[in-house]
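K.L.:
Just so you know, the sequences run in chain order A, B, C and D. Residues in the first sequence are numbered consecutively from 1, following this note's numbering. Residues in the second sequence are numbered consecutively from 1001, following this note's numbering. Residues in the third sequence are numbered consecutively from 2001, following this note's numbering. Residues in the fourth sequence are numbered consecutively from 3001, following this note's numbering. Glycine is no exception: its CB is placed at the ideal position from the N, C-alpha and C atoms. Keep in mind it's a predicted model, so treat the numbers as computed, not measured.
Protein chains: 4
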Amino acid sequence: MDIIVLSHEATEEDIRHIIKRLESWNLRINLSQGTERTIIGVIGDTSKVTEEEEDSIKAAPGVENVFRILKPYKLASREFRKETTEIDVRGVIIGGKKVPVMAGPCAVENMTVLASIADKVKAAGASFLRGGAYKPRTSPYSFQGLGEEGLKHLAQARDRTGLPIVTEIMDPRDLEVISEYADIIQIGARNMQNFRLLLEVGTSDKPVLLKRGLSSTIKEWLMSAEYIMSRGNQNVMLCERGIRTFETATRNTLDLSAVPVLKQLTHLPVVVDPSHGVGKRDLVAPMAKAAIAAGADALMIEVHTNPEEAMSDGDQSLKPEQFEKMMRELRPVAEAVGREL
Amino acid sequence: MDIIVLSHEATEEDIRHIIKRLESWNLRINLSQGTERTIIGVIGDTSKVTEEEEDSIKAAPGVENVFRILKPYKLASREFRKETTEIDVRGVIIGGKKVPVMAGPCAVENMTVLASIADKVKAAGASFLRGGAYKPRTSPYSFQGLGEEGLKHLAQARDRTGLPIVTEIMDPRDLEVISEYADIIQIGARNMQNFRLLLEVGTSDKPVLLKRGLSSTIKEWLMSAEYIMSRGNQNVMLCERGIRTFETATRNTLDLSAVPVLKQLTHLPVVVDPSHGVGKRDLVAPMAKAAIAAGADALMIEVHTNPEEAMSDGDQSLKPEQFEKMMRELRPVAEAVGREL
Amino acid sequence: MDIIVLSHEATEEDIRHIIKRLESWNLRINLSQGTERTIIGVIGDTSKVTEEEEDSIKAAPGVENVFRILKPYKLASREFRKETTEIDVRGVIIGGKKVPVMAGPCAVENMTVLASIADKVKAAGASFLRGGAYKPRTSPYSFQGLGEEGLKHLAQARDRTGLPIVTEIMDPRDLEVISEYADIIQIGARNMQNFRLLLEVGTSDKPVLLKRGLSSTIKEWLMSAEYIMSRGNQNVMLCERGIRTFETATRNTLDLSAVPVLKQLTHLPVVVDPSHGVGKRDLVAPMAKAAIAAGADALMIEVHTNPEEAMSDGDQSLKPEQFEKMMRELRPVAEAVGREL
Amino acid sequence: MDIIVLSHEATEEDIRHIIKRLESWNLRINLSQGTERTIIGVIGDTSKVTEEEEDSIKAAPGVENVFRILKPYKLASREFRKETTEIDVRGVIIGGKKVPVMAGPCAVENMTVLASIADKVKAAGASFLRGGAYKPRTSPYSFQGLGEEGLKHLAQARDRTGLPIVTEIMDPRDLEVISEYADIIQIGARNMQNFRLLLEVGTSDKPVLLKRGLSSTIKEWLMSAEYIMSRGNQNVMLCERGIRTFETATRNTLDLSAVPVLKQLTHLPVVVDPSHGVGKRDLVAPMAKAAIAAGADALMIEVHTNPEEAMSDGDQSLKPEQFEKMMRELRPVAEAVGREL
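1) In the DSSP assignment, the alpha helix (DSSP H) including B:T1112 goes from what residue to what residue?
2) So, B:R1212 versus B:L1238, is the Cβ gap smaller than 8 angstroms?
3) Mapping DSSP to helix, strand and coil, what is B:I1094?
4) Tell me which residue opens and which closes the alpha helix (DSSP H) that D:S3275 is part of.
5) In the segment 3065-3082 of chain D, which residues sit with their C-beta less than 8 angstroms from some C-beta in chain B, listed in chain order?
6) Once you ignore the five residues that flank C:R2350 on each side, which residues in its own chain have a CB closer than 8 angstroms to its CB?
7) Give the list of continuous alpha helix (DSSP H) stretches no shorter than 4 residues that lie fully inside the segment 1038-1099 of chain B.
8) Residues of chain B with a CB under 7 angstroms from the CB of D:F3246: which are they?
9) Is it buried or exposed, A:N26, if we count other Cβ atoms within 10 angstroms and call 16 or more buried?
10) Counting only Cβ-Cβ distances shorter than 7 angstroms, please list the residues of the segment 3101-3121 of chain D near chain A, keeping chain order.
11) How about the segment 294-304 of chain A and the segment 255-263 of chain A: do they share at least three Cβ pairs that are nearer than 8 angstroms?
12) Helix, strand or coil: how does DSSP classify B:E1247 here?
13) Taking Cβ to Cβ, would you say D:V3101 is nearer than 8 angstroms to D:G3131?
14) Flag this pair as yes or no: are the beta carbons of C:L2151 and C:Y2181 separated by less than 8 angstroms?
15) Which of the three DSSP states, helix, strand or coil, is assigned to D:E3009?
16) Could you give the DSSP three-state label for B:T1161: helix, strand or coil?
17) Who pairs with A:R28 in a beta bridge, going by DSSP?
18) The alpha helix (DSSP H) spanning A:M326 covers which residue range?
19) Whether or not the segment 2116-2126 of chain C and the segment 2071-2079 of chain C are in contact is what I'm after, with contact meaning three or more pairs of Cβ atoms, one per stretch, closer than 8 angstroms; do they touch?
20) Got a sec, what are the start and stop residues for the beta strand (DSSP E) C:A2298 sits in?
21) Since B:V951 is in the alpha helix (DSSP H), which residue starts that stretch and which ends it?
22) Show which residues of chain C have a CB atom less than 9 angstroms away from the CB atom of A:I43.
23) Tell me which residue opens and which closes the alpha helix (DSSP H) that A:F143 is part of.
24) Under 8 angstroms, do D:M3223 and C:S2179 count as touching if we go by C-beta distance?
25) If contacts are defined as beta-carbon pairs under 8 angstroms, then A:I3 and C:I2003 qualify, I think. What distance do you get, rounded to the angstrom?
26) Output yes if chain C places a C-beta closer than 8 angstroms to the C-beta of D:Q3193; else output no.
27) Is the CB-CB distance between A:G232 and A:T203 below 8 angstroms?
28) So B:E1329 and B:A1298 are in contact, right, with Cβ under 8 angstroms, and what is the actual spacing, rounded?
29) So the beta strand (DSSP E) B:E1240 belongs to, where does it begin and stop?
30) So D:D3273 packs on D:M3300, CB below 8 angstroms; how close in whole Å?
31) A:V337 touches chain D at which residues, Cβ-Cβ below 7 angstroms?
32) Using beta carbons (cut-off 8 angstroms, strictly below), is C:F2323 in contact with chain D?
33) Distance, Cα to Cα, C:E2148 vs C:Y2134?
34) Rounded to a whole number of angstroms, what is the C-alpha to C-alpha distance between B:I1040 and B:L1031?
35) Would you say B:G1188 lies against chain C (beta-carbon separation less than 8 angstroms)?
36) Can a CB atom of chain C be found closer than 8 angstroms to the CB of B:D1255?
Written as structure tokens, this is what we have:
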């Protein structure tokens, strides 16, 4: 809370009251009495002013508006740390010159299918295997994932291919078991503001891939990263996966401008998931290229050997041969913007 | 999945393949071959077709679009149960002729303040005391609630006033302790699709107030109610509290049309929270009146004796005298639409 | 432009440059140099600072953000005129204690149907007849309205019933002919920012009903009213008709909170059109009640004797008997909030 | 209107009534009576069914929903014309292998500034000069453009540089004078559904650049293109320039997924305007690269020699040296996706 705009009707008494309050927090003020509005500029370290203190100023008599100038996140901000964070996962760097690709099925279904997909994405150049063992589903009657069995399959696929694995957590009670297997823990879009879950993974030493909520602003997203980081875990990457808008031609609206915006605001690496962003197989490759051109540090892509029989999100999964073709097309784009695939 | 539209390029082979698939699920089909598109109407009990089976049809070669006709929720649907569910909480009915009002502070701060607020909302005619002991906050540096101490204060306020209490759960691990104290368990907007939490409260015998997610469609909201109900707990009420839109004049956009829409789709009672919906004290009373006129079964209102010192959301809390005035104004509106306050 | 926030990297040179600029516009400044940001408070009559001058400050080196405190509209603001404007249309007042209802078909189809509808809405208590002679349609292949013939039918229906008429303008070239017949000229949602059309009706002496654009903020809407008023026509009423959001259960999302927000910001009367807002017949009556409870000064309702054969928007039109029933139900609601129907 | 879903309560009488209606339009039907719903598949050339006829079916007793399968636009559809339309403007092709760049100031201010900008964008490789003579501005008190004088400056700049010019039309009455000067006529976002203006430019022989409305779906956008084409003018290009969402970090949300979606649905060339899409200078270059990677056929970029003194949108204008740098960076990206700059 750094600028306080007083309403027309604010009295001298109102102003004195606010100033007294600010001074009790060791802040100094700078009063601008204009012809139509009085403005209080707040001087000093306002970063220690809490949300509730800010709310109390908003609620004070005579106050029309409060503008907060300082960013409400610190650890996540580019001002806190100038250079982009490089996260090293079993030797693969996220946030460096190379743009690693995380690929695999939406949900882990069985070992045979997973092994086959893992082999193929590895051959096409993927650096990580993704796959869900615990699945958030809109309907209670849908397949909810294999649970620990799915984690075991993922670990086995990692043994087989050498690809580190990314998998989702939905419940703080699952952190222990997931940590046994996963290399990167994913927080899904619907849990971006599941604050207890954020705090829990904040105590972990595993890197966290934090997906953007369907209707979350970039600021709220960074606040959720701050939750994790405030508990000690600094290895957070942010994954854009589409926001909810009025447009129905795509499943969501992939907000690629979030990539350069994040590059200005934060030192955390930025991942893009075009599969969930657009929800349609044919649109994945062009948006993957655009993501790299916009500056993404990594990609997450759904691949399935038999999309038609996938137990979740088959409609947006690439077939291995489509994935392989896309990977070939991505290489020159990465080079054109000074990166490598 | 009830209607399948085939694309221009669908082959005879594609069509046979889909029909075979549907028949393996004991469904019959009705083929309409138009001049430009072929349409497959699916006949039989498609309610057993899972989301992943539907996805697999969407992903099949030759398929352009799939329209699902049946609602994906059952227990929550008005077709499943014709008459509105009446939820009895310590003798107060939600879903009946009377429109109970749930009032109190956003967060429980200390016993003195809570007792004072409880006394005043009781005197003005409130039927429930609301207050958060566990608070979801955007920032990790903000006040996160008093936890069990807050629950104890709420119980003490209930002893004092006789008002049953409504309080929020954020973590499945807190269900036991919250159940000891609460009369209604609230699921907040940010947790509307925290599916593990939904399943957990589904095993409870406490009524659940399920807030709408900031960007959730009415259908998704009903699916989340279905999650709870599928576990056995049928006492679910739905609380509209504003959706996220482009408009910034209000904190959220209170979607009052959701009230009559829900009245058609579901038998569950509908609560409206205008305080969070608009986020500004002066707008609460007109929107509370509008909510009742639109058919709401109950209201949830934030009240604080000293909004300026509230530890959360002071900007939108009514002062007791404003609350009392609003209650007086609501009575004739309730009567005008055949209800009582 | 009233508060200028400078970035971290702003130099003394940058600051001097901005100050010099502001002083050239006869503004004084108040410098707050905080530990992390420097803030310039602008003092003097900033209302003469144009949008482009504000833009130029935003684009100046060292500037991070500019907050404009004063409202960009004047004639439309509640500060400019304290009491609500009452618009007298052939003796019917909009903006007074009585809440007039404007009813009729979406489009004028022929004299027989129009006469029948006009008689029935008159009998049920409507104060205006609405009907489109020039229709904005999404498709070039749809019925575009009868044009001047439709205006003649409307005038004839007015002669018959005494109801003043409301009809839409789409093209500045039609102002002359429409003015011959209409009592209120409507600007549709899609033309809310058709600035040339706004300027044109601003020169007219007919009252203007300005619908809110599908994705217009309340501020932009008031700026469009200002366009009309800046040309001399002060008889503007604002009509909320639903905004575009992600929700698909209703045609649009009727933003009723706009009603009390507008009541604070402007002296212009506020009309609500629930028919377009929800797009479904069954939802019109509850939302009409809610609109009055929220403080609307008038309602606009679509009515058709044979909705099934309506040439436009039949899905949301009430039948005369439904309209009559709604009018009966609205009366007690109006009385409950100190109004009359 | 191709599939009609009947409600639970539809009677035999209702069904007969609908069938009779469809048959009167020379359509045949295919009835699917399921256990819970009856579905009518419509067979025959439904493209002649008008919007109002479709509405009348929606409004018929017993009808729950109507799904339209065929696209409501024809001339604009990829099915109507397989190969991408190439628009030749004074020898520069839009829609071919080369990706031309349209650059220049938001508004034309005076000849000196315009000449200087034109020279510089030409030198950096732009193929068109853009600049507004008639400017849509939110406020009636802002600079509205130089009008015909601005058009003359543009023509003079074309004589000087050889760059064809793109300029906006706001009023059908200006078509004649604008046609004298412009090479491409632009329809701005706010006028995308100004249907009279669309019909007017549809009679012109000048190519039209149709910007997407702030809250327009891709389908509505194509319907607006259809308006123009239905009058004879087939040279329409579609320009994505950002949609309105809840995110405030950027001015709008640039929907780049619209590019591959349009490539599937239409043969019309697709232009992207990242300057308006993001509204901040620093974000323009990354989004321009992303646009080309996603498949854009042309770019539109704001450039100003002195953004700080620009009379409109200075905040998002590149300086000539920034534009020149961006052009250099775009070349390898274009080549990486098989195009040329």
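P.N.:
On the basis of the coordinates in this document:
1) M1111 to A1124
2) yes
3) strand
4) P3274 to V3278
5) Going along the segment 3065-3082 of chain D in chain order, one finds N3065, F3067, I3069, L3070 and E3079 with a Cβ nearer than 8 angstroms to chain B.
6) No answer is possible for residue 2350 of chain C: it lies beyond the span of chain C, which begins at 2001 and ends at 2341.
7) 1051-1058
8) R1244, T1245 and F1246
9) exposed
10) none
11) yes
12) coil
13) no
14) yes
15) coil
16) helix
17) DSSP lists A:I43 as partners of A:R28.
18) Counting along the chain, the unbroken alpha helix (DSSP H) around A:M326 starts and ends at P320 to A336.
19) In this structure the segment 2071-2079 of chain C does not lie against the segment 2116-2126 of chain C, because fewer than three pairs of beta carbons, one per stretch, are closer than 8 angstroms.
20) From DSSP, the beta strand (DSSP E) with C:A2298 extends over A2298 to E2302.
21) Given that chain B is displayed from residue 1001 to residue 1341, the structure contains no residue 951 of chain B and the question cannot be resolved.
22) S2032, Q2033, G2034, T2035 and I2039
23) For A:F143, there is no enclosing alpha helix (DSSP H), as DSSP gives it neither H nor E.
24) no
25) Indeed they touch by this definition, with Cβ atoms about 6 angstroms apart.
26) yes
27) yes
28) So it is not a contact: roughly 17 angstroms between Cβ atoms.
29) V1236 to E1240
30) 4 angstroms
31) K3289 and V3333
32) no
33) 8 angstroms
34) 5 angstroms
35) So, not an interface residue.
36) yes
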